[in-house]
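K.L.:
Quick one: structure below, then a few questions.
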Amino acid sequence: MGRAYEVRKAAMAKTAAMKSKVNNKYGRSIYLAAKSGIPDPELNQALKKEIEKAKSEKVPADVIKRAIEKAQGLGSENYTSVRYEGFGPNNSMFVIECETDNPNRTYIDVRTAFSKANCKLGVNGSVIHMFSNLAAFSFEGLTEDEVLE
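Residue numbers (this note's numbering): 164 to 312.
Spelled out as structure tokens, the structure:
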């Protein structure tokens, strides 16, 4: 076991972490699309679109199948949509919407992020009245790292 092994091991670990992140992301989105409608891609256009996006990212068929089975009630995980509202610097307002399998853990994570940025987490309804849902933006082809650069 030499240096080449260590280099390959690190590269494989990095690749596996990236694949895992993508698989989890699409697993959740497919689950939510199947849960919100009929868990049949032929009858549920949102589910069909999510499956096509997942296949374009080379997500394994097993991950897609398990996400649909979970939505049908065959799995044990249950995701819920939660919304957190808060105030940032100069009284800027934030609305954070996310899907989670554990709302308590997510609340703690969001509260920690707000505390680190010297922001305050508000109660439900404290900020949302200032916002209107007019559009949803989706950016294709950019990874999280590319967006943050």
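A virtual CB, placed ideally from N, CA and C, is assigned to each residue, including glycine.
Over what stretch of residues does the beta strand (DSSP E) that includes Lys283 continue unbroken?
P.N.:
Here the beta strand (DSSP E) through Lys283 covers Lys283 to Gly285.
K.L.:
Suppose you measure from the CA of Ala299 to the CA of Ala167; what does that come to, to the nearest Å?
P.N.:
Each residue's alpha carbon lies about 46 Å from the other.
K.L.:
CA-CA distance, Leu206 and Ala173?
P.N.:
43 Å
K.L.:
According to DSSP, what are the bridge partners of Thr263?
P.N.:
Thr243
K.L.:
Alpha carbon to alpha carbon, what distance is there between Gly165 and Ala197?
P.N.:
47 Å
K.L.:
Have a look at the DSSP bridge pairing and note the partners of Phe257.
P.N.:
The beta-bridge partner set that DSSP reports for Phe257 consists of Gly249.
K.L.:
Looking only at C-alpha atoms, which of Ile291, Asn186 and Glu262 sits nearest to Lys218?
P.N.:
Asn186
K.L.:
What residue from Lys188, Lys279, Leu195 and Lys184 has the CA that sits closest to Ile231's CA?
P.N.:
Leu195
K.L.:
Note the first and the last residue of the continuous alpha helix (DSSP H) segment covering Lys203.
P.N.:
Correcting the residue identity first, residue 203 is Asp in this sequence and not Lys. Taken as a continuous stretch (DSSP letters only), Asp203 belongs to no alpha helix (DSSP H), as it is neither H nor E.
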